[in-house]
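S.K.: My questions will all concern the structure given below.
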Amino acid sequence: MRVLVVGAGGREHALALALARSAEVLVTPGNPGMAGAPGTACVPGPPEEVDADLVVVGPEAPLVDGLADRLRARGRLVLGPGADGARLEGSKAWMKELLATAGVPTARHATFEALEPALAHLRSQPPPYVVKTDGLAAGKGVLVTDSLEEAEADLAAKLSGQAFGGAGRRVVLEEGLAGPELSLLALCDGRRALPLVPAQDFKRVGEGGTGPNTGGMGAYSPVPGAGPDVVDEVMDRAVEPLLAELRRRGIDYRGVLYAGLMLTAAGPKVVEFNVRFGDPEAQVVLPRLVPGVDLADLLAQAAAGHLRTEPAWSDQACVTVVLAAAGYPGAPRRGDPITGVEEAGLVEGVQVLHAGTAWDVEGRLVTAGGRVLDVTALGPTLGVARDRAYRAASRINWRGLHFRSDIAKEAAREAVR
Ligand code: AMP
Ligand code: GLY
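This is the structure:
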């Protein structure tokens, strides 16, 4: 089978590696890391013009923009929802309405387009204050704060269009939830949803969950405390009711439903649904498929509307640490030469995935985005996987490189208890 992966980040690199075990892989546009991977080639695109048996769309923006519809109109088999289903991620207000109709447990919310009523609502709520842009913002459109002053300023910046342009002109204010976070990705064929193994992502840029939100600074799997009972509960109470509601509205959802959850004292609650593999969750979930699993076939089954096989998962733990460029999650500095990638890849169990890299005119590997590399390690335990990832990360350098040193730290401790 020939599979086309659409995208250029670490998630797509992880997909390409896992798919290349059983298929010929093309990626558009891809990145320098994938270009060198066995069985994988980067092609210029556009995706509509690449010949492939299956197309897997990585990021949300092209899905929201209807790429899957355009590909299906050309007779292609596609993993990824059409624009109708992708609206789940394209509009938080619509997602919240759907969750309410489907009876999915989630934070209470209210939607605003005008400043005065939004401020009045904010002031009537207890902290923490949660202010979200309605539209796409690459994981950066959410402010969670105990400071009313900060929340008010953020609200004003978003509604005025100053902070996120059009995506921010409608804002969702939410009840603050507390508890550990969990990401559960489910593969859907329109009717049936199959959970993948859970993962945990680290959203804030700084140590101990401080600083602004990012697209994700690291992840690990398995998640202690998220056993089969938690997965069953999330499938029963969130993923399946949502898929049924989509179907009831005539939406044939074939792709990944990504449930972002908070495990609150009152049970798991949905923070958001995304319409694709998580980034960096895919980087720790996909390597845990046992080597014999034919991922290309599995994704093709979902795309064709007939999920039949359940994949087998290894007992290995996986940890990924995101190495970010100077300035991220603000505007990242580009063009800084990167060293040590090969040396890092020599550490046992380690794979260095490229996310925001490029070749410069002198043929050097340089930073070309906010999240630059994902240092991913497998190991017999979370502790070992974590040690390997950090040992490898310490071999890589560029000017302004930063990463969190606490990815999977708590979990590795909990796992040995
Ligand atoms: P989102 O883009 O909606 O996933 O939000 C990004 C991050 O903000 C989440 O992963 C949480 O860490 C945090 N967050 C979002 N909504 C809430 C909420 N209602 N209460 C507390 N934290 C939240
Ligand atoms: N890791 C967060 C996301 O993929 O949206």
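Under my numbering, the residues of the sequence shown are numbered 48 to 464, in order.
The beta carbon of each residue, even a glycine, is placed where N, CA and C say it ideally should be.
Every value quoted in this text rests on a predicted model; they were computed, and no experiment measured them.
Can you tell me which of the three DSSP states Ala455 falls into?
M.R.: Of the three classes helix, strand and coil, the one that applies to Ala455 here is coil, per DSSP.
S.K.: Under three-state DSSP, which class holds Glu389?
M.R.: Note: Glu389 maps to helix in three-state DSSP.
S.K.: In chain order, what are the residues with a CB under 5 Å from some non-hydrogen atom of ligand 1?
M.R.: Output, sorted by chain position: Ala154, Val177, Val189, Val191, Glu221, Gly223, Leu224, Lys250, Gly307, Val318 and Glu319.
S.K.: In this structure, how does DSSP classify Lys250 when only helix, strand and coil are distinguished?
M.R.: Note: Lys250 maps to coil in three-state DSSP.
S.K.: Just checking, does the stretch 133–141 make contact with the stretch 357–367 on the three C-beta pairs under 8 Å criterion?
M.R.: Taking 8 Å as the limit for Cβ pairs, the verdict is that the stretch 357–367 does not touch the stretch 133–141.
S.K.: Cβ of Asp45 versus every heavy atom of ligand 2: is any distance shorter than 6 Å?
M.R.: Outside the shown range of the chain (48 to 464) lies residue 45, about which nothing can therefore be said.
S.K.: Is there at least one non-hydrogen atom of ligand 2 closer than 6 Å to the beta-carbon of Asn260?
M.R.: Outside the cutoff, so no.
S.K.: Using a Cβ distance threshold of 8 Å, determine whether the stretch 48–55 contacts the stretch 66–74, with at least three qualifying pairs required.
M.R.: Touching, per the Cβ criterion.
S.K.: Ordered along the chain, which non-local residues of its own chain (more than five positions away) have a Cβ less than 6 Å from that of Arg10?
M.R.: Nothing can be reported for residue 10, as the shown portion of the chain is limited to 48 through 464.
S.K.: In three-state terms, what does DSSP make of Gln330?
M.R.: Helix.
S.K.: With a threshold of 6 Å on Cβ separation, who are the neighbours of Lys139 within its own chain once the five nearest residues in sequence on each side are excluded?
M.R.: Excluding sequence neighbours, Lys139 sits near Lys179, Asp181 and Val219.
S.K.: Which residue comes first and which comes last in the alpha helix (DSSP H) that contains Pro288?
M.R.: Pro288 -> alpha helix (DSSP H) spans Glu287 to Arg295.
S.K.: Would you give the residue range spanned by the beta strand (DSSP E) that Trp406 belongs to?
M.R.: Here the beta strand (DSSP E) through Trp406 covers Thr404 to Trp406.
S.K.: Are there any heavy atoms of ligand 2 lying less than 6 Å away from the beta-carbon of Asp248, as far as the coordinates show?
M.R.: Yes; taking the cut-off as 6 Å, the Cβ of Asp248 has a heavy atom of ligand 2 nearer than that.
S.K.: With a floor of 4 residues, list each alpha helix (DSSP H) that falls wholly inside the stretch 173–209, ordered by position along the chain.
M.R.: Segments of the alpha helix (DSSP H) lying fully in the stretch 173–209: 195–206.
S.K.: Figure out for me which residue from Gly127, Leu190 and Leu162 has the closest Cα to the Cα of Pro174.
M.R.: Measuring from the Cα of Pro174, the nearest candidate turns out to be Leu190.
S.K.: Is the beta carbon of Gly382 sitting closer than 7 Å to the one on Val413?
M.R.: In contact: Gly382 and Val413 (Cβ atoms closer than 7 Å).
S.K.: Based on DSSP bridge pairs, tell me the residues matched to Ser230.
M.R.: DSSP, once it has assigned bridges, lists Ala246 and Gly307 as partnering Ser230.
S.K.: Could you give the DSSP three-state label for Thr153: helix, strand or coil?
M.R.: Strand.
S.K.: Cβ of Asn78 within 6 Å of any heavy atom in ligand 2?
M.R.: Every heavy atom of ligand 2 is 6 Å or more from the Cβ of Asn78, so no.
S.K.: On the DSSP bridge list, what partners appear for Arg301?
M.R.: Bridge partners of Arg301: Asp236.
S.K.: Between which two residues does the alpha helix (DSSP H) holding Gly137 run?
M.R.: Segment Ala130 to Gly137, the alpha helix (DSSP H) holding Gly137.
S.K.: With Leu101 and Ala343 assumed to form a contact (beta carbons below 8 Å), what rounded beta-carbon distance in angstroms separates them?
M.R.: Confirmed, about 7 Å.
S.K.: Indicate the three-state DSSP secondary structure (helix, strand or coil) for Glu319 in the structure shown.
M.R.: Residue state, collapsed to three classes: strand.
S.K.: Can you tell which of Tyr267, Gly314 and Gly237 has the C-alpha that lies nearest to the C-alpha of Val281?
M.R.: Minimum Cα distance to Val281 is reached at Gly314.
S.K.: Tell me the residue span of the beta strand (DSSP E) that contains Thr371.
M.R.: The sequence given here has Ala at residue 371, not Thr. Its beta strand (DSSP E) spans residues Ala364 to Ala371.
S.K.: If you draw a straight line from the C-alpha of Ala154 to the C-alpha of Glu409, how long is it?
M.R.: Those two C-alpha atoms are separated by around 51 Å.
S.K.: Tell me the rounded alpha-carbon separation between His168 and Arg446.
M.R.: Rounded to the nearest angstrom, the two C-alpha atoms are 44 Å apart.
S.K.: Check each candidate in Arg380, Gly377, Pro379 and Gln398 and name the one with the smallest Cα separation from Gly387.
M.R.: Measuring from the Cα of Gly387, the nearest candidate turns out to be Gln398.
S.K.: Can you tell me which of the three DSSP states Gly80 falls into?
M.R.: In this structure, Gly80 counts as helix in the three-state DSSP scheme.
S.K.: Mind checking whether Tyr267 and Ala455 have CB atoms under 7 Å apart?
M.R.: Their beta carbons are under 7 Å apart, which means Tyr267 touches Ala455 by this criterion.
S.K.: Measure the Cβ-Cβ separation of Gly208 and Arg216 and say whether it is below 7 Å.
M.R.: A contact, by the Cβ cut-off of 7 Å.
S.K.: Who are the Cβ neighbours of Gly92 in its own chain at under 7 Å, not counting the five residues just before and after it?
M.R.: So the list reads Thr75 and Pro76, once near-sequence residues are dropped.
S.K.: Given that a residue counts as buried once 16 or more other Cβ atoms are within 10 Å of its Cβ, and exposed if not, what is Arg435?
M.R.: The residue is buried, with at least 16 neighbouring Cβ atoms inside 10 Å.
S.K.: Taking 6 Å as the line, does the beta carbon of Asn444 fall inside it for any heavy atom of ligand 2?
M.R.: Checking the Cβ of Asn444 against ligand 2 gives no.
S.K.: Using a Cβ-Cβ cutoff of less than 8 Å, which residues in the same chain neighbour Arg121 once the five nearest sequence positions on both sides are dropped?
M.R.: The residues are Glu95.
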